[in-house]
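Asks: Those letters in the sequence shown? Residues 12 to 250, by this note's numbering. All C-beta atoms in this analysis are idealised placements derived from N, C-alpha and C, irrespective of residue type, glycine included.
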Amino acid sequence: MMIEYKRSAGKSGSGFSASYRVVCGGTLKRDKGTITSPGFPSIYLQDKECIWKIQVPAGFSIALTFDTFDLETDKDCSYDYIEIFDGIPFSSPMLQKLCGTDLPNPIWSTSNTMSLHFVNLGAIERKGFVAKFEKVIHADIDFCATSNHGCEHICENVPGNYICRCRDGYKLLPDKSSCQLTRCGGTLKMEEGKITSPGFPEKYASGLNCTWIVEVPAGYSVALTFTDFEVTANIVDLT
12 MMIEYKRSAG
22 KSGSGFSASY
32 RVVCGGTLKR
42 DKGTITSPGF
52 PSIYLQDKEC
62 IWKIQVPAGF
72 SIALTFDTFD
82 LETDKDCSYD
92 YIEIFDGIPF
102 SSPMLQKLCG
112 TDLPNPIWST
122 SNTMSLHFVN
132 LGAIERKGFV
142 AKFEKVIHAD
152 IDFCATSNHG
162 CEHICENVPG
172 NYICRCRDGY
182 KLLPDKSSCQ
192 LTRCGGTLKM
202 EEGKITSPGF
212 PEKYASGLNC
222 TWIVEVPAGY
232 SVALTFTDFE
242 VTANIVDLT
């Protein structure tokens with residue numbers, strides 16, 4: 012902003028006094044654009060809160076991608092963070108809450124509106140972020156159709172994004188993409204049921220030692236039928 016003051020000769024007055032401050036956020040009604048943290052590429056200002064509301068023409072969705080992302084790292088994202096809402100802020104579902112330095116995956120809205128809520132409460136100075144948005148054809152976007160995004164087992168679509176899931180018998184590790192075997196075996200006290208090797212129908216991991224105990228009511232026997240069977244013969248132990 013430039014402010015120019017001119018004074019005509021022969022005239023005088025009491026003059027003026029003005030104050031200024033850095034503002035951020037706003038409503039963006041356009042097909043595409045760029046959003047940056049306050050002061051980018053310099054260190055962003057402390058104790059700022061910004062809300063951007065994005066609106067594209069009806070019938071389209073919004074694709075949001077980050078070119079730069081450098082916020083304070085915190086496991087709960089409690090200090091410096093960005094909340095992305097699938098519509099009007101706070102009253103619409105939250106698509107993502109982001110912090111840290113890892114470049115986020117692209118995020119899509121389910122309608123023609125999206126909001127970004129940037130909060131800076133921390134004392135650690137960071138560079139900030141650069142985000143780009145554009146309208147895309149409104150449709151049920153299948154994020155896992157062309158890539159599994161590094162998911163070790165299963166890529167699953169969720170509103171505006173994707174998540175990684177693990178097969179039965181495995182748990183998702185903190186990196187949100189890798190899977191680890193939890194346990195196998197156990198006691199089954201049911202009249203009928205199903206037992207599978209860990210991770211079936213995918214290949215089982217090596218080094219497993221699983222024991223299943225099947226108990227049915229007294230006076231009955233147990234009939235066991237295999238519907239699929241493919242194991243390495245020299246390590247099979249069925250007792």
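Does any residue of chain B bring its CB to less than 8 Å from the CB of Thr-45?
Replies: Looking for chain B here will not work: only one protein chain is present.
Asks: Looking at Lys-59: is its Cβ nearer than 8 Å to the Cβ of Cys-35?
Replies: Result yes, Cβ atoms of Lys-59 and Cys-35 sit closer than 8 Å.
Asks: Any contact between the region 102-122 and the region 67-85? By contact I mean 3 or more CB pairs, one from each, below 8 Å.
Replies: yes
Asks: Where do the ends of the beta strand (DSSP E) carrying Phe-140 lie?
Replies: 139-148
Asks: Am I right that Gly-180 and Cys-195 are in contact with their C-beta atoms under 8 Å? What's the rounded C-beta distance?
Replies: 6 Å
Asks: Assuming Phe-144 and Gly-44 are in contact, meaning their beta carbons sit under 8 Å apart, how far apart are those beta carbons, in whole angstroms?
Replies: 6 Å
Asks: What beta strand (DSSP E) runs, 3 residues minimum, are completely inside the region 84-129?
Replies: 91-96 and 105-109
Asks: Relative to the alpha-carbon of Thr-84, which residue among Glu-163, Thr-47, Glu-136 and Ala-142 has its alpha-carbon at the smallest distance?
Replies: Relative to the Cα of Thr-84, the nearest Cα in the group Glu-163, Thr-47, Glu-136 and Ala-142 belongs to Glu-136.
Asks: Return yes when at least one heavy atom of the ligand ADP lies under 7 Å from the C-beta of Gln-57, else no.
Replies: Judged by which ligands are present, the structure shown has none, so any question about the ligand ADP falls away.
Asks: In the DSSP assignment, the beta strand (DSSP E) including Tyr-173 goes from what residue to what residue?
Replies: 172-176
Asks: Give the straight-line distance between the Cα atoms of Ala-74 and Cys-88, rounded to the nearest whole angstrom.
Replies: 23 Å
Asks: Can you tell me where the beta strand (DSSP E) holding Cys-61 begins and where it ends?
Replies: 60-66
Asks: Quick check: Asn-131 and Asp-91, are their CB atoms within less than 8 Å of each other?
Replies: yes
Asks: Could you name the residues of the same chain whose beta carbon sits closer than 6 Å to that of His-128, not counting the 5 residues immediately before and after it, in chain order?
Replies: Ile-62, Glu-94 and Pro-100
Asks: Put Gln-191 into one of helix, strand or coil per three-state DSSP.
Replies: strand
Asks: Considering only residues of the region 184-232, which uninterrupted beta strand (DSSP E) runs meet the minimum length of 3 residues and lie entirely inside it, listed in chain order?
Replies: Counting only runs of 3 or more residues that sit fully inside the region 184-232, the beta strand (DSSP E) segments are 190-192, 197-199 and 223-225, in chain order.
Asks: Is Val-169 helix, strand or coil when you go by DSSP?
Replies: strand
Asks: Identify the residues that DSSP records as bridge partners of Ser-251: which are they?
Replies: Missing from the structure shown is residue 251; the chain here goes from 12 to 250 and no further.
Asks: With DSSP as the reference, label Tyr-181 as helix, strand or coil.
Replies: strand
Asks: What are the start and end residues of the beta strand (DSSP E) that includes Lys-43?
Replies: Element bounds for Lys-43: 43-47.
Asks: In whole angstroms, what is the alpha-carbon distance linking Ser-28 and Met-13?
Replies: 16 Å
Asks: Roughly how many angstroms separate the alpha carbons of Ser-53 and Thr-76, rounded to a whole number?
Replies: The alpha-carbon atoms of Ser-53 and Thr-76 are separated by roughly 20 Å.
Asks: Which same chain residues end up closer than 6 Å to Glu-167 when comparing Cβ atoms and leaving out the 5 residues on each side of it in sequence?
Replies: Apart from sequence neighbours up to five positions away, the residues of its chain that approach Glu-167 with a beta-carbon distance below 6 Å are Ile-174 and Arg-176, ordered along the chain.
Asks: Among Val-141, Asp-42 and Arg-178, whose alpha-carbon lies nearest the alpha-carbon of Lys-214?
Replies: Arg-178
Asks: Pick helix, strand or coil for Lys-17, following the three-state DSSP scheme.
Replies: coil
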